[in-house]
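Contents: one structure, followed by commentary.
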Amino acid sequence: MTHQVVSVKTYALVFAALIALTITTVAVSKLELGEYNFVCALTIAVIKGTLVVMFFMDVRRSSSMTKLFVGAGLFWLAIMLVFLLSDYLSRGWLPIPKWWVG
Amino acid sequence: MADSEVALAAHPPGLQHHFDNSAQQLEASTLGMWMFLVTEIMFFGGMFASYTIYRNLYPEAFASTSHFMNVTIGAINTGVLICSSFTMVLSVRSVQLGQKKTTITFLTLTLLLGLVFLVLKFVEYHEKWVDHHIPGPGFQYADPRYFHQAQILFYLYFAMTGLHALHMIVGAGLIITLIVMTARNRFSAEWNTPVEMIGLYWHFVDIVWIFLFPLLYLIGHTS
Numbered sequence: 728m729t730h731q732v733v734s735v736k737t738y739a740l741v742f743a744a745l746i747a748l749t750i751t752t753v754a755v756s757k758l759e760l761g762e763y764n765f766v767c768a769l770t771i772a773v774i775k776g777t778l779v780v781m782f783f784m785d786v787r788r789s790s791s792m793t794k795l796f797v798g799a800g801l802f803w804l805a806i807m808l809v810f811l812l813s814d815y816l817s818r819g820w821l822p823i824p825k826w827w828v829g
Numbered sequence: 569m570a571d572s573e574v575a576l577a578a579h580p581p582g583l584q585h586h587f588d589n590s591a592q593q594l595e596a597s598t599l600g601m602w603m604f605l606v607t608e609i610m611f612f613g614g615m616f617a618s619y620t621i622y623r624n625l626y627p628e629a630f631a632s633t634s635h636f637m638n639v640t641i642g643a644i645n646t647g648v649l650i651c652s653s654f655t656m657v658l659s660v661r662s663v664q665l666g667q668k669k670t671t672i673t674f675l676t677l678t679l680l681l682g683l684v685f686l687v688l689k690f691v692e693y694h695e696k697w698v699d700h701h702i703p704g705p706g707f708q709y710a711d712p713r714y715f716h717q718a719q720i721l722f723y724l725y726f727a728m729t730g731l732h733a734l735h736m737i738v739g740a741g742l743i744i745t746l747i748v749m750t751a752r753n754r755f756s757a758e759w760n761t762p763v764e765m766i767g768l769y770w771h772f773v774d775i776v777w778i779f780l781f782p783l784l785y786l787i788g789h790t791s
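Protein chains in written order, with the working numbering: chain A, 728 to 829; chain B, 569 to 791.
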């Protein structure tokens, strides 16, 4: 795995994109978008995180095994968040049945 | 004897004898580092999960606390960390090309940017201290309705940013070690695994901040 060194230009472009996205996310947060503020902020954060993982951490050129580890980490994080939130966020959606109250 | 001498002569620098070749060794190191980073994802993930749950339990209290977050410092710090990730990646590149001086320059820049981040974090914490927004017996809050709920959210703010800052301090220590090792000619174009691995760690800490910044500072800011 003797890496071919990545050009400074590639890194500079990724860097410029990250700074541009940071400015965008601050600008978008000033707008009144209701629930979409949250969606926009997180979407931009995910794009920025992906850029860092793929280019700065060089996962795009890493072995399949490394990619599997990264993917597994994110998958387990998703399990934790989805299962926790499916409980907390769905509370109160249905009324408590009469037979339960007794 | 003659055979082993020949083998030693062809031995790449930094290759430990239990690996077949340098590529396999680097692969093992990268995988090990990612294994650690995955545990870190879960570690921070737990805090992000509790943050999300409390945000949903107390939306009004959350909206009122978000007015006390210093968005300017938060945004500047995001920029500072992205710059430091850029200089980190350039120092990894320099060390891969065997350029000792450039490596030290970029590592020092990364360290300085990391320290700028920590200083700004300190300014922010000091602001919270002056405003009595630190959870505990001295906690005061303008809106008495949200006294307890706001305290939980400030607690999460300090726990999450504090844990992140702790990672930054550890990272700064690791970079100082790298600078000393580079100065002592420990790395070469053939072997520079520690620089690459600590680079991965540094970028991971950057990613955590990339998610902390919008969640703590930006969301709920307008409502």
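Glycine included, C-beta positions come from ideal geometry on N, C-alpha and C.
- Excluding five sequence positions before and after A740 (chain B), the CB atoms of its chain that fall closer than 7 Å to its own CB belong to L679, G682, L683, given in chain order.
- If you ignore the 5 residues before and after W777 (chain B), its C-beta comes within less than 8 Å of the C-beta of N645, T646, L649, H732, all in its own chain and listed in chain order.
- Here N645 (chain B) carries a helix assignment [DSSP, helix/strand/coil].
- For P580 (chain B), there is no enclosing alpha helix (DSSP H), as DSSP marks it with neither H nor E.
- Contact annotation: in the stretch 736 to 755 of chain A, residues whose CB is within less than 7 Å of a CB in chain B are Y738, F742, L745, I746, T749, T752, V753.
- For D814 (chain A), the enclosing alpha helix (DSSP H) has its first and last residue at 791 to 817.
- In the assembly as shown, A747 (chain A) is an exposed residue. Its beta-carbon has fewer than 16 other beta-carbons within 10 Å.
- Within the stretch 725 to 762 of chain B, complete alpha helix (DSSP H) segments of at least 4 residues are not found at all.
- Sorting B:F755, B:H579, B:A631 by C-alpha distance to the C-alpha of G761 (chain A) places B:A631 at the top.
- Against chain A, the CB of L680 (chain B) has no partner CB under 7 Å away; the residue lies outside that interface.
- Listed in chain order, the positions of the stretch 743 to 760 of chain B with a beta carbon within less than 7 Å of a beta carbon of chain A would be empty, since no residue qualifies.
- The C-beta distance from F781 (chain B) to H701 (chain B) rounds to 19 Å, too long to fall under 8 Å, and the pair is not in contact.
- When Cβ-Cβ separations below 7 Å define contact, G704 (chain B) makes no contact with chain A.
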